[in-house]
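Working notes, beginning with the structure itself.
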Amino acid sequence: MAKTAGILVIGDEILNGHVIDTNSTFLMKKLWNLGISTQELRVIKDNLDIISKNVQEFSILFDIVLLAGGTGSTHDDLTYQGVAKAFNEECYVHPNLCKDFQDFFGLEEISLSVTKLATLPKSSQLHYHPEASNIFPLVQVV
Numbered sequence: 212m213a214k215t216a217g218i219l220v221i222g223d224e225i226l227n228g229h230v231i232d233t234n235s236t237f238l239m240k241k242l243w244n245l246g247i248s249t250q251e252l253r254v255i256k257d258n259l260d261i262i263s264k265n266v267q268e269f270s271i272l273f274d275i276v277l278l279a280g281g282t283g284s285t286h287d288d289l290t291y292q293g294v295a296k297a298f299n300e301e302c303y304v305h306p307n308l309c310k311d312f313q314d315f316f317g318l319e320e321i322s323l324s325v326t327k328l329a330t331l332p333k334s335s336q337l338h339y340h341p342e343a344s345n346i347f348p349l350v351q352v353v
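Below, the structure written as structure tokens:
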């Protein structure tokens, strides 16, 4: 039986038309090529409760849930916190990811921005592309 997927695109900048979403098209093409049927694409606000509710709903409806957006270092980037809330988890600063970001940005000390970027749900697993030149991993919450 073919797997199903749902994609949540998170960001006020998408909803207000300031940024064009290209992530979902990229993801849907990749999923299609893998034989995975995207059943729904939804764009939602940078809001903790909305993110949490939608992650809960999608995780019941689909085999795979992909999220794009809201994982940066600004005040409105709440994706990881919303995922943690959806699964009743706490977030923590991932030490290896924090060090990777510190090295990548050439920082002598860990900044608040780096700490925010490296704050993930407890059950997160990091997947690095073996041929990628950057240090930004795929974050899987299990």
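The numbering used here puts the first residue of the sequence shown at 212, with every later residue one more than the last.
For glycine and all other residues, C-beta sits at the position ideal for the given N, C-alpha and C.
Applying the 10 Å Cβ sphere with the 16-neighbour rule, what's the burial state of residue i?
| i | result |
| --- | --- |
| Lys-296 | buried |
| Asn-265 | buried |
| Gln-292 | buried |
| Leu-331 | buried |
| His-305 | buried |
| Ala-343 | exposed |
| Leu-318 | exposed |
| Leu-219 | buried |
| Thr-290 | buried |
Which whole-angstrom value describes the C-beta separation of residue i and residue j, a residue pair presumed to lie in contact below a C-beta threshold of 8 angstroms?
| i | j | result |
| --- | --- | --- |
| Asp-357 | Asp-223 | Outside the displayed span of the chain (212 to 353) sits residue 357, for which this structure offers no information. |
| Gly-281 | Ile-321 | Not confirmed; about 22 angstroms, so no contact. |
| Val-254 | Ile-225 | 5 angstroms |
| Ser-235 | Leu-252 | 5 angstroms |
| Ala-279 | Leu-238 | 7 angstroms |
Using CA atoms only, rank isn't needed, just tell me which of the options is closest to residue i.
| i | options | result |
| --- | --- | --- |
| Glu-248 | Ile-231, Gln-292 and Val-276 | First, the amino acid is wrong: residue 248 is Ser here, not Glu. Checking every option, the nearest Cα to that of Ser-248 belongs to Val-276. |
| Asn-244 | Leu-318, Glu-342 and Ala-216 | Ala-216 |
| Gln-336 | Lys-214, Lys-327, Val-353 and Asn-258 | Val-353 |
| Leu-348 | Leu-323, Gly-228 and Phe-315 | Before going on, a small fix: residue 348 reads as Pro here, not Leu. With distances taken between Cα atoms, Pro-348 lies closest to Phe-315. |
| Gln-267 | Gly-317, His-338, Glu-300 and Lys-240 | Glu-300 |
| Asp-257 | Ser-284, Gln-250 and Leu-242 | Ser-284 |
- Sufficient close CB pairs (3 or more, under 8 angstroms) joining the region 258-275 to the region 306-315: no
- Item | Whole alpha helix (DSSP H) elements within the region 241-328, 4-residue minimum | 259-272, 290-297, 306-315 and 323-328
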